[in-house]
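Chains as they are written, first to last, in the numbering used here: chain X, 16 to 698; chain A, 228 to 412. Ideal placement from N, C-alpha and C gives every residue a C-beta, glycine not left out. Because the structure is a prediction, the values reported are computed rather than measured.
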Amino acid sequence: MDFLHHHICPRNCYDSCSILSTTRNGRLVSIEGNPVQDYTRGKLCSKVMDEVQKVYSPHRVKYPLRQRKRYSGQWERISWEEALDTISQQILSIKENYGTTLPIAHNKYSGNFGVMHNALEAFMTGLGPTTRAVGSPCWSAGVDAQAFDFGAFFCSDPLDMEQAKLIWIWGANPAWNAVHQMPIIFRAMDKGAKVVCFDTHFTATAARVDQFVQVNPGTDGMLALGMAKILVDHHLLDPSLSEYSLGHKEFIDYLNREIDLKECSRITGVTLSTLEELALEYGAIKPACIWVGFGLQRYANGGQNLRAIDALGALTGNIGCPGGGVQYGQMETWRFSGPLSHARCGHPEDRNLDINQFPVLALEAEPPVKMLWLAGRNPLQQDGNQAQWQKFLEGLDLVVVSDLFQTRTTLAADLVLPVTTHYEHWDLNASYWHYYVGINEPAIEPVGEAHSDLQIAWDLSKRLNQLSSGSSAFPTGGSEKEVVLQALGTEMLEMLDLKSPEELLKGPLRVSFPATAWQERKFRTPSGKYEFYSEKAREQGLPALPVCRLPRKPHLEAPLRLLTPHHGSGLNSQSYRLDTEGSTAENKPPLLARLNPGTAGMYALKSGDRAVLWNHGGTLPVTIEIEQGIAAGVVIIYQENLSDIKAPHPNLLNLGALTDMGNYATGAYGLALNDTFVGIRKA
Amino acid sequence: MAKQLGFFLDVNRCLGCGTCIKACASANRLPTPLTWRKIWQKEDAKVDQGQISRFFLSTSCNHCANPECMRVCPSGAYAKRRDGIVLHYPDKCISCKSCVASCPFGAPQINPQTEKAGKCQLCYEEIDRGSLPHCVQACVTGAIQLREIYGNPTDKLLRLTAPTPTLRLTRPSTFYYPPKGTKIL
Numbered sequence: 016m017d018f019l020h021h022h023i024c025p026r027n028c029y030d031s032c033s034i035l036s037t038t039r040n041g042r043l044v045s046i047e048g049n050p051v052q053d054y055t056r057g058k059l060c061s062k063v064m065d066e067v068q069k070v071y072s073p074h075r076v077k078y079p080l081r082q083r084k085r086y087s088g089q090w091e092r093i094s095w096e097e098a099l100d101t102i103s104q105q106i107l108s109i110k111e112n113y114g115t116t117l118p119i120a121h122n123k124y125s126g127n128f129g130v131m132h133n134a135l136e137a138f139m140t141g142l143g144p145t146t147r148a149v150g151s152p153c154w155s156a157g158v159d160a161q162a163f164d165f166g167a168f169f170c171s172d173p174l175d176m177e178q179a180k181l182i183w184i185w186g187a188n189p190a191w192n193a194v195h196q197m198p199i200i201f202r203a204m205d206k207g208a209k210v211v212c213f214d215t216h217f218t219a220t221a222a223r224v225d226q227f228v229q230v231n232p233g234t235d236g237m238l239a240l241g242m243a244k245i246l247v248d249h250h251l252l253d254p255s256l257s258e259y260s261l262g263h264k265e266f267i268d269y270l271n272r273e274i275d276l277k278e279c280s281r282i283t284g285v286t287l288s289t290l291e292e293l294a295l296e297y298g299a300i301k302p303a304c305i306w307v308g309f310g311l312q313r314y315a316n317g318g319q320n321l322r323a324i325d326a327l328g329a330l331t332g333n334i335g336c337p338g339g340g341v342q343y344g345q346m347e348t349w350r351f352s353g354p355l356s357h358a359r360c361g362h363p364e365d366r367n368l369d370i371n372q373f374p375v376l377a378l379e380a381e382p383p384v385k386m387l388w389l390a391g392r393n394p395l396q397q398d399g400n401q402a403q404w405q406k407f408l409e410g411l412d413l414v415v416v417s418d419l420f421q422t423r424t425t426l427a428a429d430l431v432l433p434v435t436t437h438y439e440h441w442d443l444n445a446s447y448w449h450y451y452v453g454i455n456e457p458a459i460e461p462v463g464e465a466h467s468d469l470q471i472a473w474d475l476s477k478r479l480n481q482l483s484s485g486s487s488a489f490p491t492g493g494s495e496k497e498v499v500l501q502a503l504g505t506e507m508l509e510m511l512d513l514k515s516p517e518e519l520l521k522g523p524l525r526v527s528f529p530a531t532a533w534q535e536r537k538f539r540t541p542s543g544k545y546e547f548y549s550e551k552a553r554e555q556g557l558p559a560l561p562v563c564r565l566p567r568k569p570h571l572e573a574p575l576r577l578l579t580p581h582h583g584s585g586l587n588s589q590s591y592r593l594d595t596e597g598s599t600a601e602n603k604p605p606l607l608a609r610l611n612p613g614t615a616g617m618y619a620l621k622s623g624d625r626a627v628l629w630n631h632g633g634t635l636p637v638t639i640e641i642e643q644g645i646a647a648g649v650v651i652i653y654q655e656n657l658s659d660i661k662a663p664h665p666n667l668l669n670l671g672a673l674t675d676m677g678n679y680a681t682g683a684y685g686l687a688l689n690d691t692f693v694g695i696r697k698a
Numbered sequence: 228m229a230k231q232l233g234f235f236l237d238v239n240r241c242l243g244c245g246t247c248i249k250a251c252a253s254a255n256r257l258p259t260p261l262t263w264r265k266i267w268q269k270e271d272a273k274v275d276q277g278q279i280s281r282f283f284l285s286t287s288c289n290h291c292a293n294p295e296c297m298r299v300c301p302s303g304a305y306a307k308r309r310d311g312i313v314l315h316y317p318d319k320c321i322s323c324k325s326c327v328a329s330c331p332f333g334a335p336q337i338n339p340q341t342e343k344a345g346k347c348q349l350c351y352e353e354i355d356r357g358s359l360p361h362c363v364q365a366c367v368t369g370a371i372q373l374r375e376i377y378g379n380p381t382d383k384l385l386r387l388t389a390p391t392p393t394l395r396l397t398r399p400s401t402f403y404y405p406p407k408g409t410k411i412l
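Encoded structure:
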């Protein structure tokens with residue numbers, strides 16, 4: 016007999032799809048999109064089509080493993096008892112030697128954003144203050160920008176975009192990274208909307224829309240300010256601007272005083288006539304929606320880029336307008352409660368280290384970090400500062416990694432703990448894009464000896480208290496389902512129009528917010544208005560107004576800018592490759608480095624040539640691919656999953672530059688990933 | 228022929244995301260890396276003229292009106308159904324590879340596990356129960372459609388052609404919507 020179960024795809028993705036699984040005789044046999052969820056609409060993306068094989072993959076970590084020596088590959092299967100003993104003894108010896116639990120560090124991010132995955136954080140909070148990674152490698156600068164402008168980071172229901180008459184997709188590639196938004200955009204196009212894509216390179220999304228504007232990397236803010244000036248010059252401002260905004264006069268003065276359109280055109284690479292055509296169109300067509308991706312804020316001037324774009328929406332009255340707005344993301348639907356909630360799983364005296372400078376700051380920390388637990392992360396492939404990571408790891412007494420598969424990071428682990436997939440545990444997930452919230456049910460028993468994060472936290476708490484009574488305040492057992500349901504407190508139940516958490520077991524529900532963000536034009540800024548002039552930004556040592564900040568320039572020895580956007584086939588390092596058994600670096604060609612014909616010509620490179628990218632961080636062998644539609648001086652390597660976890664990877668070249676914003680709303684600066692500069696030579 | 232089912236691909240909606248390929252491979256339990264559906268990227272970049280046309284052509288077996296595979300197969304492993312689906316029967320297949328060599332579109336391929344030929348069967352079991360092929364069901368944007376060709380006007384659509392002009396004679400049952408390029412500003 017077949018059984019159906021509800022799941023939420025937990026990956027760090029806009030779409031957070033609602034999934035229905037089918038099990039037969041206790042085995043997962045198929046998955047499909049849940050047709051009742053209006054964003055997923057019964058469809059899934061290519062990244063999850065082979066999830067059933069992934070769950071039962073022979074490559075999955077199924078038992079606790081100990082590595083005799085880091086990087087040796089000498090793994091031995093151990094029992095959970097032994098694994099938990101090793102960890103407990105390490106924790107107790109740290110407490111004894113240092114008189115504090117601060118040398119215990121936890122570094123977790125987006126491997127799984129579900130509430131249940133905060134169990135380890137909550138467990139550590141029960142030990143005392145520990146060292147945590149805070150902030151985000153992804154979106155921090157933009158989150159701050161919107162927090163300054165609107166007072167909170169919030170976007171409209173993505174289905175609202177269907178009403179737009181003009182859509183600007185700016186620095187986002189939904190055709191690969193948010194496929195479920197594409198039918199919404201196509202429905203708008205079918206109703207006559209014009210869609211323009213702004214990017215540094217011609218993407219799969221650009222290929223499906225009406226117009227493409229190539230913008231020089233990191234000059235997006237300058238471009239927006241130029242267009243803002245044209246809107247002002249042509250009196251295309253919203254008549255009630257003064258009622259809902261603060262500082263618009265100062266902003267307009269700034270534009271008149273500082274922004275020169277010829278200069279703007281030269282720097283952005285967008286011709287004056289295009290600049291004018293775009294601005295006039297944006298000023299005339301209503302509603303006009305701008306969707307800002309994460310790409311354009313991953314620069315040292317990233318926050319300013321987004322503040323300038325927000326200003327376009329505010330000047331023209333598109334903010335708060337159905338089908339309009341400047342959409343970036345949201346976490347307003349994540350108001351979970353209880354000890355596992357994202358907001359409350361930390362300890363007030365934790366030593367919080369910026370996730371983007373984690374090894375750098377941890378190396379300087381006193382008392383030192385001696386034990387590191389990594390979960391939902393693969394920093395040795397995905398982070399900058401790789402040299403510091405190596406140095407930091409060398410000083411650690413114990414490195415524990417919880418994961419589903421071996422990764423580049425597990426190579427450096429002492430212990431690897433097998434964890435469950437979202438087909439094997441209870442969880443609760445929201446999206447940072449759409450408004451649906453859903454419960455994830457287990458469909459099958461855990462594979463092998465995999466345990467959920469909550470189970471691991473309970474068992475470890477129990478073991479610790481056996482060894483040293485009262486050393487762990489975290490519970491030692493319970494019902495995973497109950498814990499997950501408890502995270503639906505009064506506030507969430509109200510938002511979901513529910514009387515009891517159990518009602519959400521019937522399937523995902525949309526939070527009952529109106530579809531348009533800021534429709535009342537009541538903002539959460541100190542003034543209650545849209546703030547062109549932000550005192551909060553000034554308090555953070557930033558300009559109060561959105562101003563022009565030019566992107567970093569490359570050094571002479573590393574003259575090219577390396578961009579590493581997501582590929583359609585994967586998500587960071589998460590789409591575990593199943594087709595690569597037995598393959599090695601020797602029989603796989605190196606990663607493709609894409610350059611435009613002009614840039615390639617400067618180095619006498621042609622398609623198919625082998626070359627090497629290099630900077631202070633290291634070297635990366637690549638194969639050259641010449642492609643039209645890439646900005647000059649730019650090398651693009653899509654973040655394709657590497658079949659060999661030991662092969663050189665693009666983040667060796669990522670030196671961990673930081674963004675201008677992020678500290679205000681996320682507690683740490685963002686990663687200016689797109690300010691990675693490299694030299695190139697023929698191999 | 229009473230009917231001819233065929234694929235209509237709206238190239239202006241195909242994202243090249245590959246969900247169709249994986250849905251097909253998963254439903255038909257194909258051993259990695261074998262896939263019965265493939266995506267060809269076609270690009271015509273005229274940057275100086277302000278246009279880039281980049282398309283993803285998702286194709287599998289075209290269920291030709293005059294299937295060459297069926298004509299050359301010495302063991303009678305191919306048949307054409309009344310609805311136009313070209314079927315391959317692995318139990319009759321003698322692994323001679325005649326079809327693999329003769330199909331102008333490269334549709335039949337040898338399955339390394341069974342060593343027999345195999346190709347898109349248009350998910351005939353799904354069709355027989357009133358459903359759609361897995362690729363069509365999975366397509367996020369509705370770019371791949373399955374239609375009855377004889378009842379639908381195709382004069383405004385582009386016809387799939389083989390690299391060798393004489394092989395157009397197989398009359399593939401796959402049609403493409405005329406592509407629209409992206410204007411480069």
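*asked:* Let me check you understand the geometry: is the CB of H582 (chain X) closer than 7 Å to at least one non-hydrogen atom of the ligand SAM?
replied: Judged by which ligands are present, the structure shown has none, so any question about the ligand SAM falls away.
*Would you mind telling me which residues of chain A sit closer than 7 Å to K537 (chain X), beta carbon to beta carbon, in chain order?*
Chain A residues near K537 (chain X): none, gap ~36 Å exceeds 7 Å.
*To the nearest angstrom, report how far apart L607 (chain X) and R576 (chain X) are at their CA atoms.*
15 Å
_Interfacial residues, the region 233-258 of chain A to chain X, with Cβ spacing under 9 Å_ = N239, R240, C241, L242, G243, C244, G245, T246, C247, I248, K249, A250, A252, S253, A254
_Cβ shell of R42 (chain X) (< 7 Å), same chain only, five flanking positions each side left out_ = I459
_So, with DSSP's three-state summary, where would you put Y403 (chain A)?_
strand
*Cβ neighbour criterion (16 or more within 10 Å) applied to L533 (chain X)*: Per the sequence shown, the amino acid found at residue 533 (chain X) is Trp instead of Leu. It counts as buried.
_Could you check whether the Cβ of V274 (chain A) sits closer than 8 Å to any Cβ belonging to chain B?_
The structure shown contains no chain B; its protein chains are X and A.
*Are the region 309-324 of chain X and the region 549-561 of chain X in contact at 8 Å, needing three or more beta carbon pairs?*
yes
_Just verifying my parser: in three-state terms, what is the DSSP assignment at C241 (chain A)?_
coil
*Mind checking H263 (chain X): buried by the 16 CB within 10 Å criterion, or exposed?*
buried
*Looking at the structure shown, is L578 (chain X) part of a helix, part of a strand, or coil, going by DSSP?*
strand
*asked:* According to DSSP, simplified to helix, strand and coil, what is Q105 (chain X)?
replied: helix
*Drop a sphere of 10 angstroms on the beta-carbon of E270 (chain A), count the other beta-carbons inside from all chains shown, and report buried for 16 or more, exposed for fewer.*
exposed
*Quick one, which of X:V307, X:I300, X:L238, X:Y259 has its alpha-carbon nearest I274 (chain X)'s?*
X:L238
*With C-beta atoms as the reference, is H581 (chain X) less than 8 Å away from N27 (chain X)?*
no
*Short check: CB of T401 (chain A) to CB of N289 (chain A), under 8 Å?*
yes
*asked:* If we define contact as Cβ-Cβ less than 8 Å, is D594 (chain X) a contact residue for chain A?
replied: Residue placement at D594 (chain X) is poorly supported in this model, since its pLDDT is 49, which falls under 50; the coordinates are not used for a value here.
*Between the Cα of G311 (chain A) and those of A:T259, A:R398, A:A334, spot the shortest distance and give me the residue it belongs to.*
A:R398
*Does DSSP classify R625 (chain X) as helix, strand or coil?*
strand
*Identify every residue that forms a DSSP beta bridge with T38 (chain X).*
X:F18, X:L43
*Would you identify the three-state DSSP class for Q405 (chain X), choosing helix, strand or coil?*
helix
*In three-state DSSP terms, what is R75 (chain X)?*
strand
*Mind checking who A123 (chain X) pairs with in its DSSP beta bridge?*
It is worth fixing the name first, because residue 123 (chain X) is Lys in this sequence and not Ala. In the DSSP output, where bridge partners are listed per residue, K123 (chain X) has X:A390.
*Beta-carbon spacing of Q231 (chain A), T409 (chain A) below 8 Å*: no
*Taking only beta-carbon positions, decide if T409 (chain A) is within less than 8 Å of chain X.*
yes
*Give the straight-line distance between the Cα atoms of Q82 (chain X) and N367 (chain X), rounded to the nearest whole angstrom.*
29 Å
*So the beta strand (DSSP E) L610 (chain X) belongs to, where does it begin and stop?*
606-610
_Test: D65 (chain X) CB closer than 8 Å to a CB of chain A_ = yes
*Spell out the partners DSSP gives T440 (chain X) in its beta bridges.*
In the sequence as presented, Thr is not what sits at residue 440 (chain X); that position holds His. None, per the DSSP bridge assignment.
*Inter-residue Cα distance where the pair is A390 (chain X) and V414 (chain X)*: 11 Å
*Just mark I282 (chain X) as buried or exposed, buried being the case when its beta carbon has 16 or more other beta carbons within 10 Å.*
buried
*Listed in chain order, which residues of the region 220-231 of chain X have Cβ atoms closer than 9 Å to some Cβ of chain A?*
T220, A221, A222, R223, V224, D225, Q226, F227, V228, Q229
*Apart from the five residues just before and just after E596 (chain X), which ones in its own chain have a Cβ nearer than 6 Å to its Cβ?*
Since pLDDT at E596 (chain X) reaches only 46, below the 50 mark, its modelled position is unreliable, and no value is offered.
_Give me the DSSP bridge partner(s) of V230 (chain X)._
BP columns for V230 (chain X) are empty, so no partner.
*Three-state secondary structure (DSSP) of T146 (chain X)*: strand
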